[in-house]
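For the sequence shown, position 116 (counting from the first letter as 1) is numbered 125 according to my numbering, and the numbering increases by one without interruption. One structure is given here, and the rest of the page talks about it.
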Amino acid sequence: MENNKCKAFIECIERGSISAAADSLGYTPSAISQLITSLEKELGLKLLVRSQKGVKPTSEGETLLPAFRAYIAKEQDIYHIASELKGVVTGNLSIAAYPSVATNWLPEIVRRFKSEYPANTRVSTSTSVRASGRTCSRTSSRIRRIWGSWSTQSRCRMSGYR
């Protein structure tokens, strides 16, 4: 079973449409549809119900979804451990910020960060109003630290990053 099929299935469920999953994964909608169809044939089960309004998991798809997530998580664990053994820093960095910070500062910060850590690095940002002021304040102070001092120590001290 190929991991890109599993990722496509998970994204379709999480995003609610093949087009949104394609945008998220950098594929065309046709390619995502082909991956899902191939996965369904491989397993001998229909996993998605497609409609004009989007996609929903079938009962079989709903049952298998946690297993697909676990499969992808284990694969990421393997790459993470292998990277650590090689001395490469990997992980996920999530940033919550005010829209003005996200618009004006984050693009350059994220670009610099990804150039420093190109392999196995995933950066996600959020400007959700659900983020509390306290969260945004802490995040903004971390951004100032990164922006002001781009040393390995300050990057690695960031929350959730090893």
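Even for Gly, the Cβ is constructed at its ideal location relative to N, Cα and C. For clarity, every value in this text was computed on a predicted model and none was experimentally measured.
The alpha-carbon of E69 is positioned some 6 Å away from that of L56. A contact is defined here as three or more CB-CB pairs under 8 Å, and the region 69-83 meets this definition with respect to the region 16-29. Distance from the CA of Y107 to the CA of K65, rounded to the nearest whole angstrom, comes to 32 Å. In the structure shown, the three-state DSSP call for K65 is strand.
Residue environment for K95: exposed (fewer than 16 other C-beta atoms within 10 angstroms of its C-beta). Only exposed fits S60, as fewer than 16 other CB atoms lie within 10 angstroms of its CB. In the structure shown, A82 falls within a helical segment according to DSSP collapsed to helix, strand and coil. Annotation for A30: A17, E20, C21, R24, I41 place their beta carbon closer than 7 Å to its own, counting only its chain and skipping 5 residues before and after.
In the structure shown, S26 adopts coil according to DSSP, grouped into three states.
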